[in-house]
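Read through the structure below, which is laid out as structure tokens, and then see the notes.
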Amino acid sequence: MRLKPDTSGSVVYKPFNEADDFTDGWWDDAIYGFEPTQRFYSFFVGQHEVARVEIEVQDVLNSEYDQPAHPGPYAVIHFFEVSEDHRRKGYGTKSVHLIADRYKAMPLVAFSEGADDFWGSLGWARHEHKTEPDHSRPMYVSEPR
Numbered sequence: 001m002r003l004k005p006d007t008s009g010s011v012v013y014k015p016f017n018e019a020d021d022f023t024d025g026w027w028d029d030a031i032y033g034f035e036p037t038q039r040f041y042s043f044f045v046g047q048h049e050v051a052r053v054e055i056e057v058q059d060v061l062n063s064e065y066d067q068p069a070h071p072g073p074y075a076v077i078h079f080f081e082v083s084e085d086h087r088r089k090g091y092g093t094k095s096v097h098l099i100a101d102r103y104k105a106m107p108l109v110a111f112s113e114g115a116d117d118f119w120g121s122l123g124w125a126r127h128e129h130k131t132e133p134d135h136s137r138p139m140y141v142s143e144p145r
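So for the sequence shown, the UniProt record's numbering puts the first residue at 1; every next one is plus one.
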């Protein structure tokens, strides 16, 4: 499995190539746009794209959540998706490990939309919204490598 862009530091900008097995609208500039601080990566096995991620390095996290013990900066995962054809085969976990290698010494952060089992299976700490834990996405934070 390999990550693009490679370690040269090149940036892949949205939009990604259209693909039927990724969620429409998640990877489209026309809807979300992007900031120069955001980075986009694709993960490939052979010629097949198996996952995508959008990450932004931030010094602080949303203060409405319980805060992790480790101070920033943090690599915040805004979007992460494994293609439909490649789900439940370990590619998500492998992709997250490649990102963790890229952002060494920096905790990774993800806000879960129904993927609590996945983020929890990585051993990441769950942090709840302080005032609306039942109506907000939980925040998951890794330990820095």
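By construction, the Cβ of each residue, glycine as well, lies at the ideal position given by its N, Cα and C atoms. Predicted model only: the values in this text are computed from it and were never measured.
Distance, residue j Cα to residue i Cα
{"i": "residue 160", "j": "V76", "result": "In the structure as shown, the chain begins at 1 and stops at 145. Residue 160 is therefore absent and cannot be evaluated."}
{"i": "V96", "j": "E64", "result": "25 Å"}
{"i": "M139", "j": "S121", "result": "14 Å"}
{"i": "D117", "j": "R39", "result": "25 Å"}
beta-carbon residue i near the ligand FAD non-hydrogen atom, thresh 7 Å
{"i": "S121", "result": "For the structure depicted, the ligand FAD is absent and the ligand set is empty, with no information on it obtainable."}
Beta-bridge partners of residue i, as assigned by DSSP
{"i": "Y91", "result": "In DSSP, Y91 forms no bridge with anything."}
{"i": "L108", "result": "A75"}
{"i": "P125", "result": "The sequence given here has Ala at residue 125, not Pro. In DSSP, A125 forms a bridge with V141."}
{"i": "Y65", "result": "H129"}
Three-way DSSP call (helix, strand, coil) for residue i in this model
{"i": "E84", "result": "helix"}
{"i": "R52", "result": "strand"}
{"i": "A19", "result": "coil"}
{"i": "V60", "result": "coil"}
{"i": "G134", "result": "Reading off the sequence shown, one finds Asp at residue 134, where the question assumed Gly. DSSP places D134 in coil when its eight states are reduced to three."}
{"i": "D24", "result": "coil"}
Outcome for residue i when other beta-carbon atoms lying within 10 angstroms are tallied against a minimum of 16
{"i": "V53", "result": "buried"}
{"i": "H127", "result": "buried"}
{"i": "V82", "result": "buried"}
{"i": "A110", "result": "buried"}
{"i": "F43", "result": "buried"}
{"i": "A51", "result": "buried"}
{"i": "D68", "result": "In the sequence on display, residue 68 carries Pro and not Asp. It is buried - the Cβ of P68 has at least 16 other Cβ atoms within 10 Å."}
{"i": "G92", "result": "buried"}
{"i": "V60", "result": "exposed"}
Terminal residues of the beta strand (DSSP E) in which residue i lies
{"i": "residue 146", "result": "Since the first residue of the chain shown is 1 and the last is 145, residue 146 is not available in this structure."}
{"i": "Y140", "result": "139 to 141"}
First and last residue of the uninterrupted alpha helix (DSSP H) at residue i
{"i": "G114", "result": "No alpha helix (DSSP H) holds G114; DSSP gives it neither H nor E."}
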